[in-house]
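A.B. asks: Protein chains in written order, with full-length UniProt numbering: chain A, 1 to 102; chain B, 1 to 102.
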DNA sequence: CAGTATCCCGGCAGATACTG
DNA sequence: CAGTATCTGCCGGGATACTG
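1. Tell me which same chain residues have a C-beta within less than 8 Å of the C-beta of residue 28 (chain B), skipping the five on either side of it?
2. Grouping DSSP H, G and I as helix and E and B as strand, with all else coil, what is residue 56 (chain B)?
3. Quick check on the burial criterion: 16 or more other C-beta atoms within 10 angstroms. Buried or exposed for residue 10 (chain A)?
4. For residue 104 (chain B), which residues of its own chain have a beta-carbon under 8 Å away from its beta-carbon, when the five flanking residues on both sides are left out?
5. Jot down the residue ranges of each uninterrupted beta strand (DSSP E) in the stretch 43-90 of chain A, minimum 3 residues, whole runs only, in chain order.
6. Could one say the Cβ of residue 38 (chain B) lies closer than 8 Å to chain A's Cβ atoms, at least one of them?
7. Which whole-angstrom value is the C-beta distance of residue 84 (chain A) and residue 102 (chain B), which I expect to be below 8 Å?
8. Skipping 5 residues on each side, what residues in its chain have a beta carbon closer than 7 Å to that of residue 49 (chain A)?
9. Quick one: using the 10 Å Cβ neighbour count with 16 as the cut-off for buried, is residue 22 (chain B) buried or exposed?
10. Considering only their Cβ atoms, is the gap separating residue 98 (chain B) from residue 111 (chain A) smaller than 8 Å?
11. Counting C-beta neighbours from all protein chains within 10 Å, is the total for residue 72 (chain B) 16 or more, i.e. buried, or is it exposed?
12. Rounding to the nearest angstrom, what Cα-Cα distance links residue 47 (chain A) and residue 82 (chain A) in this structure?
13. Please check if any C-beta of chain B sits within less than 8 Å of the C-beta of residue 89 (chain A).
14. Counting only Cβ pairs nearer than 8 Å, list the residues of chain A close to residue 10 (chain B).
15. Within the present structure, is the beta-carbon of residue 44 (chain A) separated from the nearest heavy atom of the ligand ATP by less than 7 Å?
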């Protein structure tokens, strides 16, 4: 029943931030706490709209970011980190620090 | 010349530990400092021999693990974390902690 | 503006067989 | 034991067009 991978939750945890663009999105949202869809696009121009939408959806599903939708015309959305997402800050910074040092 | 992604090194850094099996391998090598190829296979049974070899090669290339080859018969190898790899310990633990809390 | 739908291709990764 | 070689199928992700 219990598989090895489940005993090693680091894998599951890492998946939540290691999608093709997730870390960058989180990183950007740490710098820019409130972002609209197109703002994120401009901040991460290499990421296609399709992928941005998909990754945002996963991040939202995993409770790392939250999305506020304003049903105005034209439509407006705002993405920001949840409390859970913000708690990643020291970890992300630790990673950066590690990357910088080597 | 300079692309956005290069200004955001977290992405590069994360890639070094977010291959399909890298985090698990690092994790296992933190628990078991010296591992032979087949030992790692047994510790991570869901990972094919092919993938294990590929991921190990990348980890070695990135300087996270080192490989010692003993030209005996039958051949014997030993994988372990480098100093650089060991420095990831607090980060990995931070990730685990974050994953545990939520 | 903020996405979704659809088509399509290259490359990731499994299975299997082989080697020093 | 510790890998590599090859073949193949699948799906991640780009490009483009469309929608509320």
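In this text, a Cβ means the ideal position worked out from N, Cα and C, and glycines have one as well. In this text, all values refer to a predicted model and were calculated from it rather than measured experimentally.
C.D. replies: Inspection of the coordinates gives the following:
1. If you number the second chain from 1, residue 28 (chain B) lands on position 28. The residues are 35, 40, 43 and 44.
2. Your numbering for residue 56 (chain B) matches position 56 in the second chain. Helix, per DSSP.
3. On the first chain, position 10 is the one that residue 10 (chain A) refers to. With 16 or more Cβ atoms within 10 Å of its Cβ, residue 10 (chain A) is classed as buried.
4. Given that chain B is displayed from residue 1 to residue 102, the structure contains no residue 104 (chain B) and the question cannot be resolved.
5. 65-70 and 76-81
6. The residue labelled residue 38 (chain B) in the question sits at position 38 within the second chain. It does not; no Cβ of chain A falls within 8 Å.
7. As a position in the first chain, residue 84 (chain A) is number 84, starting the count at 1. As a position in the second chain, residue 102 (chain B) is number 102, starting the count at 1. With a Cβ gap of about 5 Å, residue 84 (chain A) and residue 102 (chain B) count as contacting.
8. Position 49 of the first chain, counting from 1, holds the residue named residue 49 (chain A). Closer than 7 Å at the Cβ level, and outside the excluded window around residue 49 (chain A), lie 41.
9. Sequence index remark: in the second chain, residue 22 (chain B) carries index 22 (1-based). Per the 10 Å Cβ criterion, buried.
10. Outside the displayed range of chain A (1 to 102) lies residue 111 (chain A), so it cannot be described from this structure.
11. Within the second chain, residue 72 (chain B) is the residue found at index 72, counting from 1. Label assigned to residue 72 (chain B): exposed.
12. Taking the first chain and counting its residues from 1, one reaches residue 47 (chain A) at position 47. Taking the first chain and counting its residues from 1, one reaches residue 82 (chain A) at position 82. Taking the straight line from one Cα to the other gives about 22 Å.
13. Counting from 1 along the first chain, the entry for residue 89 (chain A) is found at position 89. So no, residue 89 (chain A) is outside the interface.
14. Stepping through the second chain from its first residue, residue 10 (chain B) is reached at position 10. Ordered by position in chain A, the residues that pass the 8 Å Cβ test against residue 10 (chain B) are 23, 24, 27, 92, 95, 96 and 99.
15. The ligand content of the structure shown is nil, which means the ligand ATP is not present either.
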